[in-house]
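Chemist: Would you mind keeping the following structure in view while I ask a few things?
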Amino acid sequence: MSEEDTYALLDFVERGNTAIISSNSIPYDLMFHLTDSTCYDIWWEDVKTFSADSVIVNFTHPTLKMDKNLPLAYFNSNGKKEQTTWTYFADDFFCDESYSPIILGYLNDELVNFTRLQHGQGKFYLHTTPLAFTNINLLKERNLAYAENMFSHLTTGSIYWDSYSRVANKPPATNQNSRTRTLPEENALKYILSQPPLAWAWYTALGLALLYFIFRAKRQQPIIPVKDPNTNTSLEFVSTVGRLYFLQNNHRQLALEKMQIFIGNLKERYRINFSELDEATIKKVAMRAEMSEAYLEKIVKIHKNIKDSVFVSENTLVEFHQLIEQFGKRNV
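Just add 1 to wherever you are in the sequence shown, counting from 1, and you've got the working numbering.
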């Protein structure tokens, strides 16, 4: 988080609002203003870490605590468990009763991963296990219930969602005596302009920079900006959806999605408008693609069998996939 983001969020919560942060690393500048000097007389050392391929989580509140601990695991792109880093709050984070945050959840029964901090009229909820809210984990009903219980702490009103991580690398720990916990009343530029020698140096630098750009612009042709090529995210989306269906063993749905993409490619490539691959359409596509009608009929036949079936085996899915892939390779 930038300095401006930090102060804006602190002011927002102090006025009686609620903020929930779920991150492997809590922003350093934010925690500097939230932690109490009686506990951290030297520095905030960030969360603690350990490595494992899976953990269990749960809440402490009686109305939110789940009957059984919820298992969480990290899966790689092949759908297999893999070691990853898990984070939690150190014991000395809860050092003083007058300041101590409220513990709301645990990791592996004893490591705190969810806590609440009072700030002014509002509250900060800090959570160190964001993996619980990934797509593959939310596919399971119990995982969805965990997420619902987590966000039940939000009060009624507008919700502002920030889906992008802005946590920078933690800076070297510094003595708190060198920093103030109050929000600054003026920025660096105001201070420079308030000091005559610094103000003269600032205006001189601005003048020299302006002259440099004026004379340089006369001698040099403007640079033509390089435009980034358009990126096609369709394949990435298809890959993600396909992986989710495959991990659920939903071969039928994956095959039906693949047929829809295949039909869309035929329409775009051969400029043919049709709703389904009937006999007339097959002849038209075969003629433009210079392929045998029998090959396309085989694809249509397998698709119909898949559509009419409740269960589709992995072998059928592989055969269907290979037929469509071979069609694409022959028409490159």
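Even glycine gets a Cβ: it sits at the ideal position worked out from N, Cα and C.
Does DSSP put T85 in a helix, in a strand, or in coil?
Modeler: Numbered from 1 along the sequence shown, position 84 holds the residue referred to as residue 85. Annotated three-state conformation of T85 is strand, per DSSP.
Chemist: Say whether the segment 59-77 touches the segment 21-29, bearing in mind that this needs 3 or more beta-carbon pairs closer than 8 Å, one atom from each stretch.
Modeler: no
Chemist: Quick check: the segment 124-131 against the segment 4-21, are there 3 or more CB pairs under 8 Å?
Modeler: yes
Chemist: On the criterion of 16 or more Cβ atoms from any shown chain inside 10 Å, does G208 qualify as buried, or is it exposed?
Modeler: Numbered from its first residue, the sequence shown carries residue 208 at position 207. G208 is exposed by the Cβ-count criterion.
Chemist: Measuring only the C-alpha atoms, how far is Y192 from W203?
Modeler: On the sequence shown, position 191 is the one that residue 192 refers to. On the sequence shown, position 202 is the one that residue 203 refers to. Roughly 11 Å between the two C-alpha positions.
Chemist: Please state whether DSSP places G158 in a helix, a strand or coil.
Modeler: For this step, residue 158 is matched to residue 157 along the sequence shown. Reduced to three states, the DSSP call for G158 is coil.
Chemist: Kindly confirm or deny that the segment 259-270 and the segment 315-328 touch, where touching means at least three C-beta pairs closer than 8 Å.
Modeler: yes
Chemist: Can you round the beta-carbon distance between L65 and A133 to whole angstroms, since I take them to be within the 8 Å contact cut?
Modeler: Here the question's residue 65 lines up with position 64 in the sequence shown. Here the question's residue 133 lines up with position 132 in the sequence shown. Going by Cβ atoms, the distance from L65 to A133 rounds to 14 Å, so no, they are not a contact pair.
Chemist: Can you tell me where the beta strand (DSSP E) holding V313 begins and where it ends?
Modeler: Working through the sequence shown from its first residue, we reach residue 313 at position 312. Counting along the chain, V313 falls outside any beta strand (DSSP E), and DSSP gives it neither H nor E.
Chemist: Alpha carbon to alpha carbon, what distance is there between P102 and S195?
Modeler: As a first step, residue 195 must be located in the sequence shown, where it is residue number 194. As a first step, residue 102 must be located in the sequence shown, where it is residue number 101. Between S195 and P102, the C-alpha separation is close to 41 Å.
Chemist: Are the CB atoms of T88 and T135 within a distance shorter than 7 Å?
Modeler: Taking the sequence shown and counting its residues from 1, one reaches residue 135 at position 134. Taking the sequence shown and counting its residues from 1, one reaches residue 88 at position 87. Cβ distance not < 7 Å, so T135 and T88 don't count as in contact.
Chemist: Residues in its own chain within less than 6 Å of L324 by CB, not counting five upstream and five downstream?
Modeler: Reading the sequence shown from its first residue, position 323 is the one you call residue 324. Excluding sequence neighbours, L324 sits near I300.
Chemist: Indicate the three-state DSSP secondary structure (helix, strand or coil) for H393 in the structure shown.
Modeler: Because the chain in this structure spans residues 2 to 333, residue 393 falls outside the shown range and cannot be described.
Chemist: With a threshold of 7 Å on Cβ separation, who are the neighbours of N77 within its own chain once the five nearest residues in sequence on each side are excluded?
Modeler: Looking up residue 77 in the sequence shown gives position 76. Answer for N77: E83, listed in chain order.
Chemist: Have a look at C96, F275 and N70 and flag the residue whose alpha-carbon is nearest the alpha-carbon of Y107.
Modeler: Taking the first residue of the sequence shown as 1, we reach residue 107 at position 106. The shortest Cα separation from Y107 among C96, F275 and N70 belongs to N70.
Chemist: Provide the residue span of the alpha helix (DSSP H) that contains N59, from first to last.
Modeler: To locate residue 59, count along the sequence shown from 1; it is residue 58. It is not in any alpha helix (DSSP H) - N59 instead sits in the beta strand (DSSP E) that spans S55 to F60.
Chemist: Judging by CA-CA distance, which residue of S314, F275, Y75 and L35 is the nearest neighbour of D54?
Modeler: Here residue 54 corresponds to residue number 53 of the sequence shown, with the count starting at 1. With distances taken between Cα atoms, D54 lies closest to Y75.
Chemist: Which runs of the alpha helix (DSSP H), 4 residues or longer, sit entirely within the segment 104-149?
Modeler: 136-139
Chemist: In the DSSP assignment, the beta strand (DSSP E) including S24 goes from what residue to what residue?
Modeler: For this step, residue 24 is matched to residue 23 along the sequence shown. From DSSP, S24 is part of no beta strand (DSSP E); its letter is neither H nor E.
Chemist: State the DSSP-derived secondary structure class of T7, mapped to helix, strand or coil.
Modeler: For the purposes of this step, residue 7 is taken as the residue at position 6 of the sequence shown. Annotated three-state conformation of T7 is helix, per DSSP.
Chemist: Mind checking who F49 pairs with in its DSSP beta bridge?
Modeler: Along the sequence shown, read from residue 1 onward, the residue named residue 49 stands at position 48. Note that residue 49 is Lys in the sequence shown here, rather than Phe. For K49, DSSP records a beta bridge to Y89.
Chemist: Does the Cβ of T94 have 16 or more other Cβ atoms within 10 Å, making it buried, or fewer, making it exposed?
Modeler: On the sequence shown, residue 94 is found 93 positions in, with the first residue counted as 1. Looking at the sequence shown, residue 94 is not Thr but Phe. Per the 10 Å Cβ criterion, buried.
Chemist: By a C-beta neighbour count over all protein chains shown, 10 Å radius and 16 as the cutoff for buried, is I273 buried or exposed?
Modeler: The residue you call residue 273 lines up with position 272 of the sequence shown. With fewer than 16 other Cβ atoms within 10 Å, it is exposed.
Chemist: Quickly, what does DSSP pair A74 with across the bridge? List them, please.
Modeler: For the purposes of this step, residue 74 is taken as the residue at position 73 of the sequence shown. Bridge partners of A74: S55.
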